[in-house]
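Remarks on the structure that follows.
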Amino acid sequence: MSSLPLVAPPARSFRGLPRSRLASLTVHAFGAAPCGRGSDHLLSAKQLSRGDLETVLDRAAEIAADPGAVADAHGDRLLGLCFFEPSTRTKMSFDAAMKRLGGDTVDMGSVESTSVTKGESLADTVRVVAGYADALVLRHPSEGSATLASEFVDVPVLNGGDGAGQHPTQTLLDLYTIRENAGFQDLTVGIMGDLKYGRTVHSLSHALTNVDATQHFVSPESLRLPRSVRFDLHEAGAQVREHTDVDEVLETLDILYVTRIQRERFPDENEYRKVAGEYRIDAGLLDGVDDDLTVMHPLPRVDEIAPDVDETTHATYFEQARNGVPVRMALLDLML
Amino acid sequence: MTDPELRVSKIEDGTVIDHISGGQALNVLAILGIDGSGGVAVSVGINVPSDRLGGKDIVKVEGRELSQNEVDVLSLIAPAATINIIRDFEVAEKHRVSRPGEVTGVLSCPNANCITTEAEPIDSHFEVLGEGVRCRYCDTIIRESIADHISVA
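Chains as they are written, first to last, in the working numbering: chain V, 201 to 536; chain Y, 29 to 181.
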């Protein structure tokens with residue numbers, strides 16, 4: 201365990217757990233529940249200060265360099281997995297992270313196999329699961345679900361994606377990948393695709409304001425950033441530059457973060473095809489760009505990144521997905 | 029009654045909410061949860077001529093003194109409203125509404141995918157911004173037509 205610079209909260213323990221060392225998780229929240237009944241939670245990327253980000257990323261780098269050093273660091277801890285929506289990367293990487301820290305997980309399983317089908321509220325479900333675990337990861341289709349959960353439990357809640365809201369742990373691994381590949385100095389990031397409903401975009405754009413990145417948002421008019429995100433970026437002093445054509449900015453970018461345009465958001469299939477086709481990248485498009493351009497994607501992709509990009513030096517999305525384990529190990533190590 | 033001043037008679041004890049933006053009186057009552065079912069006598073004037081506002085609404089609630097906390101939420105739809113606490117037919121206290129920091133259980137979130145729209149044991153909760161309000165749960169910002177989102181009956 202590293203020693204961390206902290207704003208020391210009042211000493212508290214719950215079932216023997218020390219309070220989180222990420223003190224700012226409870227004080228930087230805006231528009232999200234700061235905390236429930238005494239625990240620290242990670243509900244939104246807006247909670248994370250520059251110091252918090254650096255703390256998690258530094259710890260992740262230490263763990264990635266020597267995972268054996270933490271192999272039994274949390275042998276007495278159980279992480280509850282409450283996934284009300286499908287997940288591959290988030291769920292499996294949290295599962296792997298907890299187990300690689302020596303702990304274990306208890307999994308709610310599919311919604312169909314739980315009391316949710318009997319009409320149980322989310323508030324009741326998380327209260328029950330909190331009795332079985334030392335922290336909860338929650339994914340739920342409704343925006344604000346993680347905030348609600350945090351108000352009903354005494355263990356840390358980690359938002360694993362709430363509808364079209366936030367996905368802060370994805371952001372941490374995104375930032376880790378960005379720091380590894382491009383650094384934070386004079387960083388220029390292009391974020392392309394579904395900016396309206398993409399929760400990874402909402403979280404990442406907030407966090408990038410902490411590293412003073414220049415951000416370009418590329419999307420069809422109908423999928424622009426939502427008002428609430430633009431409001432926060434403005435409040436944070438970020439300059440929002442919006443485009444409808446990636447060619448306008450491609451050559452200026454250090455990072456191109458591509459997201460999936462979600463077919464289900466379009467009432468008209470033809471309109472979807474037209475839009476999706478315009479926000480697709482392939483090796484040809486990247487032919488003339490700087491070799492250092494890093495192409496990222498939170499995955500899953502459908503066809504917005506052609507397979508021929510995988511063979512280029514730009515493709516970083518599988519490395520990005522792998523980074524989910526050390527980053528989530530670091531987060532759990534710091535929060536538990 | 030021929031004198032416009034006497035359209036609504038004086039009350040002995042209670043609260044007069046004056047200078048409400050024209051047409052918002054019923055929303056004011058909705059926010060305050062006053063629907064007459066509690067037996068409280070309520071007088072309402074809508075689009076009453078006013079030098080200051082052109083046309084204003086006025087609400088008189090008899091036998092009930094509304095607290096500052098209760099009325100501050102009115103600032104979202106009636107920022108110019110004044111509150112007069114009446115005792116023995118005289119104005120005992122007079123003050124303006126001020127913007128609260130947050131509003132709980134008064135507005136419903138317009139985002140159909142917000143957790144507050146589901147059957148959960150929570151009230152809606154909005155932070156009050158310089159302009160508009162913001163859902164604590166899903167971050168949705170309401171700036172226009174806030175009265176359209178009043179959730180109380």
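Don't be surprised by glycine CBs; every beta carbon is placed ideally from N, CA and C.
It should be emphasised that the depicted structure is a prediction, and the values quoted were computed from it without experimental measurement.
Report task. Would you mind telling me which residues of chain Y sit closer than 8 Å to ALA364 of chain V, beta carbon to beta carbon, in chain order? Result -> ASN141
**Report entry** Limits of the beta strand (DSSP E) - the one that PRO77 of chain Y falls within
**Finding:** 70-78
Query raised in the report: When the distance is taken between beta carbons, is ALA271 of chain V closer than 7 Å to GLY302 of chain V?
Result: yes
Query raised in the report: Between which two residues does the beta strand (DSSP E) carrying GLN520 of chain V extend?
Result: Counting along the chain, GLN520 of chain V falls outside any beta strand (DSSP E), though it belongs to the alpha helix (DSSP H) covering 517-522.
Report task. Compute the Euclidean distance between the alpha carbons of VAL68 of chain Y and SER103 of chain Y, then round it to the nearest angstrom. Result -> 23 Å
Query raised in the report: Considering only residues of the region 259-316 of chain V, which uninterrupted beta strand (DSSP E) runs meet the minimum length of 3 residues and lie entirely inside it, listed in chain order?
Result: 278-283 and 304-307
Query - Per-residue DSSP class, three states only, for PHE417 of chain V - result: strand
Report task. Assign LYS474 of chain V to one of three DSSP states: helix, strand, or coil. Result -> helix
Report task. Would you verify that the beta carbon of ASP167 of chain Y is, or is not, closer than 7 Å to some beta carbon of chain V? Result -> yes
Query raised in the report: Is it buried or exposed for ARG277 of chain V, if we count other Cβ within 10 angstroms and need 16 for buried?
Result: buried
Query raised in the report: Should PHE154 of chain Y go down as buried or exposed, given a rule of 16 or more other Cβ atoms within 10 Å for buried?
Result: buried
Report task. Specify the secondary structure class of THR226 of chain V as computed by DSSP and reduced to three states. Result -> At THR226 of chain V the pLDDT is 42, less than 50, meaning the model places this residue with poor confidence; the figure from the coordinates comes in the next sentence. DSSP places THR226 of chain V in helix when its eight states are reduced to three.
Query raised in the report: Measuring CB to CB, does LEU373 of chain V end up less than 7 Å from VAL475 of chain V?
Result: no
Requested in this report: Please classify ASN543 of chain V: does DSSP put it in a helix, a strand, or coil?
Outcome: Outside the shown range of chain V, which is 201 to 536, sits residue 543 of chain V, and nothing can be said about it.
Query raised in the report: Could you give the distance in angstroms between the alpha-carbon of GLU121 of chain Y and the alpha-carbon of ALA53 of chain Y?
Result: 21 Å
Report task. Please confirm if PRO149 of chain Y has its CB atom under 7 Å from at least one CB of chain V. Result -> yes
Requested in this report: Output the distance between the C-alpha atoms of THR452 of chain V and LYS246 of chain V, rounded to the nearest integer angstrom.
Outcome: 26 Å
Query raised in the report: Straight-line CA distance for PHE518 of chain V to THR305 of chain V?
Result: 24 Å
Report task. For THR347 of chain V, return the contacting residues in chain Y, with the cut-off set at a CB-CB distance below 8 Å. Result -> ILE143, ARG164 and TYR165
Query raised in the report: Should ALA330 of chain V be flagged as near chain Y, meaning a C-beta pair shorter than 7 Å?
Result: no
Query raised in the report: Considering only residues of the region 320-408 of chain V, which uninterrupted alpha helix (DSSP H) runs meet the minimum length of 4 residues and lie entirely inside it, listed in chain order?
Result: 322-330, 345-350 and 368-381
Query raised in the report: Nearest-angstrom Cα distance between ASN470 of chain V and ALA140 of chain Y?
Result: 26 Å
Report task. Name the one or two DSSP bridge partners that ASP116 of chain Y has. Result -> Answer by DSSP bridge pairing: none, since ASP116 of chain Y is not bridged.
Query raised in the report: At a CB-CB cut-off below 9 Å, which residues of chain Y make contact with PHE431 of chain V?
Result: LEU157, ARG162, ASP167 and ILE169
Query raised in the report: Taking Cβ-Cβ distances below 9 Å as the criterion, which residues of the region 311-331 of chain V are in contact with chain Y?
Result: GLY319, SER321, LEU322, ALA323 and ASP324
Report task. Could you please give me the residues that DSSP links to PHE154 of chain Y through a beta bridge? Result -> Y:VAL131 and Y:CYS163
Query raised in the report: Under a CB-based cut-off of 7 Å, is GLY344 of chain V close to chain Y?
Result: yes
Query raised in the report: For GLY344 of chain V versus CYS166 of chain Y, is the C-beta spacing smaller than 7 Å?
Result: yes
Query raised in the report: Can you tell me the Cα-Cα spacing of MET496 of chain V and TYR457 of chain V, whole angstroms?
Result: 5 Å
Query - Those residues which DSSP pairs with CYS142 of chain Y across a bridge - result: V:GLU343
Query raised in the report: At a Cβ threshold of 7 Å, is SER249 of chain V touching chain Y?
Result: no
Query raised in the report: Over what stretch of residues does the beta strand (DSSP E) that includes GLU442 of chain V continue unbroken?
Result: 440-443
Requested in this report: Give a yes or no on whether the minimum CB-CB distance between SER428 of chain V and chain Y is below 7 Å.
Outcome: yes
Report task. Please report how far the alpha carbon of GLN96 of chain Y lies from the alpha carbon of LEU253 of chain V, in whole angstroms. Result -> 42 Å
Query raised in the report: Going by DSSP, what residues sit across from LYS38 of chain Y in a beta bridge?
Result: Its beta-bridge partners do not exist; DSSP assigns none.
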